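First residue of the sequence shown: 1, per UniProt numbering; consecutive thereafter. Positions of the beta carbon are idealized from the N, C-alpha and C atoms, including for glycine. Since the model is a prediction, treat every value here as computed from it, not as a measurement.
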Amino acid sequence: MEPIPIKDISEYIKYVNIRSESDKIIVLYRGQSNDDSLLPSIARKNPEIDTTEMEFEMLDELKRRSQNMQIHSLKDDWDWLVYAQHFGMKTRLLDWTSNPLTALWFACKNEYKMNQDSFVYIFSARKSSLLDRKKDKNPFKTTTTKILRPPQNNNRIISQSGWFTAHRYSKKDEKFVGLEKNSSYMNHIAKIMVPSSAKRKILNQLNNFGINHQSMFPDFEGICKQLNWEKFEKN
């Protein structure tokens, strides 16, 4: 998959508009500082390890330890995985967004990687790829990688227009397979390269559109990081 370079935000928006013309598909975006495989966090260290049982045990222990936190909105294990994912637990979920500007911000935001190129992945999938939670009730028994449209159960999902792909360990391949290598989806993914020379300008433009640390993370942490950016990174 050869990356498509862009020079600025206007080129990016022009390409995004071309890719999202059809109403028969779901178009999702993911920004990355590195050109890494599209794998969920639980599989990145070693995709060949079947972490299914470990993940199940982590989720079970999370439920036990968080009983006094009064989390009442989580109805099933899918909800628990989504909630855990957004607070840093390694899961089989890979973050995506339906907002292309959000993905562009995530691609550019890492202050320690401003001198290297970043990437935005565009995933165009048929609506038949959506996970049916009535049929696939157990996240640990799914047989194919699916798209998960999560419940709006936390502010970060809402602010980031969050979606996920839900991955699984392939016993046939004896590993987790990155989405870009998945035979069902590999031809439906495009990759945009954001050159390092354009990243600071793009972040300033996105800030003008209201896409920044504070809007993406609408909590105390987001405010602090936005102040850091305004004082030390903006110019």
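Leu-94: first and last residue of the uninterrupted beta strand (DSSP E) it sits in: Translated into positions along the sequence shown, residue 94 becomes position 94. Residues 93 to 97.
If you measure from the CB of Arg-149, is any heavy atom of the ligand COA nearer than 7 Å? This structure simply doesn't include the ligand COA, nor any ligand for that matter.
Would a C-beta distance cut-off of 8 Å place Ser-159 and Met-69 closer than the cut-off? Here residue 159 refers to the residue found at position 159 when the sequence shown is read from its first residue. Here residue 69 refers to the residue found at position 69 when the sequence shown is read from its first residue. No, they are not a contact pair.
So, with DSSP's three-state summary, where would you put Phe-123? As a working mapping, residue 123 is identified with position 123 in the sequence shown. Looking at Phe-123 - three-state DSSP - the assignment turns out to be strand.
Looking at the strands, I want to know which residues DSSP matches up with Leu-148. On the sequence shown, position 148 is the one that residue 148 refers to. Answer is Phe-164, bridged to Leu-148.
Alpha carbon of Asn-155 to alpha carbon of Val-82, nearest angstrom: As a working note, residue 155 is residue 155 in the sequence shown. As a working note, residue 82 is residue 82 in the sequence shown. So the two alpha carbons sit approximately 12 Å from each other.
In terms of residues, what are the limits of the alpha helix (DSSP H) holding Gln-85? Here residue 85 is taken as the residue at index 85 of the sequence shown, counted from 1. Start and end: 77 to 86.
Pull up the distance between the alpha-carbon of Asn-187 and that of Val-16, whole angstroms please. Position 187 of the sequence shown, counting from 1, holds the residue named residue 187. Position 16 of the sequence shown, counting from 1, holds the residue named residue 16. Near 17 Å, if we compare the C-alpha coordinates of Val-16 and Asn-187.
Taking Lys-231 as the reference, give the member of Asn-204, Lys-199, Ile-211 with the closest Cα. Position 231 of the sequence shown, counting from 1, holds the residue named residue 231. Residue Asn-204 is the option with its Cα nearest to Lys-231.
Going by the DSSP bridge assignment, what does Ser-170 pair with across the sheet? On the sequence shown, position 170 is the one that residue 170 refers to. DSSP output for Ser-170 lists Lys-175 as bridge partner(s).
Beta-carbon separation of Ser-37 and Glu-174 under 8 Å? In the sequence shown, residue 37 corresponds to position 37, counting from 1. In the sequence shown, residue 174 corresponds to position 174, counting from 1. Going by C-beta atoms, Ser-37 is not nearer than 8 Å to Glu-174.
Between Lys-109, Ile-26, Ser-124, which has its C-alpha nearest Gly-222's C-alpha? As a position in the sequence shown, residue 222 is number 222, starting the count at 1. Taking only the C-alpha atoms, the option nearest Gly-222 is Lys-109.
Along the beta strand (DSSP E) that carries Gly-31, what are the first and last residues, could you check? Taking the sequence shown and counting its residues from 1, the one referred to as residue 31 is at position 31. First-last of the beta strand (DSSP E) with Gly-31: 25 to 32.
Less than 8 Å between the beta carbons of Pro-40 and Leu-93, yes or no? Residue 40 sits at position 40 when you count from the first residue of the sequence shown. Residue 93 sits at position 93 when you count from the first residue of the sequence shown. Yes, they are a contact pair.
Taking 8 Å as the threshold, find out whether the segment 27 to 36 comes into contact with the segment 117 to 137 through three or more Cβ pairs. yes
So what does Val-194 bridge to, in DSSP terms? Here residue 194 corresponds to residue number 194 of the sequence shown, with the count starting at 1. DSSP lists Ser-118 as partners of Val-194.
Cβ of Thr-52 within 8 Å of Cβ of Phe-140? By 1-based counting over the sequence shown, the position of residue 52 is 52. By 1-based counting over the sequence shown, the position of residue 140 is 140. Yes; because the gap between Cβ atoms is below 8 Å, this pair is in contact.
In terms of residues, what are the limits of the alpha helix (DSSP H) holding Phe-209? As a first step, residue 209 is located in the sequence shown; it is residue number 209 there, counting from the start. Premise fails: Phe-209 is in no alpha helix (DSSP H) and is neither H nor E.
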